[in-house]
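To convert, note that position 16 of the sequence shown is 16 in my numbering; the numbers rise steadily by one, no gaps.
Structure first, then comments.
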Amino acid sequence: MKALEAARALREMALLEDLGGGNPFRSRAYEKAARLLEGLGEETDLADLLKEGGIARARGVGAGILAVLEDLARGETPPALE
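Here's what the structure looks like:
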């Protein structure tokens with residue numbers, strides 16, 4: 001999966017969090033992570049990013065978002081999108 005596809009999924013999760021009256025901080029974290037991924041370019045592979053570990057060190061990317069990104073990289077649907 002490309003980083004831009006993952007960014008779209010994170011934006012969808014942020015929207016669902018907002019519409020469902022969920023945690024606004026979580027919604028903002030999804031949005032921030034989506035912007036980070038979008039800034040990496042169209043051809044950036046999500047699995048490669050995770051292997052390199054740089055995204056794990058990015059400010060604001062915590063364990064929850066990393067778990068979502070790992071699901072996406074494996075081709076799985078994160079529970080929040082099911």
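Note that CB positions come from ideal geometry on N, CA and C, so glycine has one too.
*Where does L36 land, buried or exposed, given buried means 16+ other C-beta within 10 angstroms?*
Within the sequence shown, the letter at position 36 stands for residue 36. With 16 or more other Cβ atoms within 10 Å, it is buried.
*asked:* For E43 and Y30, which I take to be in contact (beta-carbon distance under 8 Å), what is that distance rounded to the nearest angstrom?
replied: Here residue 43 corresponds to residue number 43 of the sequence shown, with the count starting at 1. Here residue 30 corresponds to residue number 30 of the sequence shown, with the count starting at 1. About 23 Å; that fails the 8 Å criterion.
*Do M13 and A80 have their C-beta atoms within less than 8 Å of each other?*
By 1-based counting over the sequence shown, the position of residue 13 is 13. By 1-based counting over the sequence shown, the position of residue 80 is 80. Yes, Cβ-Cβ distance for M13 and A80 is below 8 Å.
_In the DSSP output, which residue or residues are listed as bridge partners for K2?_
In the sequence shown, the residue the question calls residue 2 occupies position 2. Looking at the DSSP assignment, K2 forms a beta bridge with D45.
*Use the C-beta contact count for A63: other C-beta atoms within 10 angstroms, 16 or more gives buried, fewer gives exposed.*
Translated into the one-based positions of the sequence shown, residue 63 becomes position 63. Classification for A63: exposed.
_A67 burial status per 10 Å Cβ neighbour count (16 or more: buried)_ = In the sequence shown, residue 67 corresponds to position 67, counting from 1. Answer is exposed; the Cβ neighbour count stays below 16.
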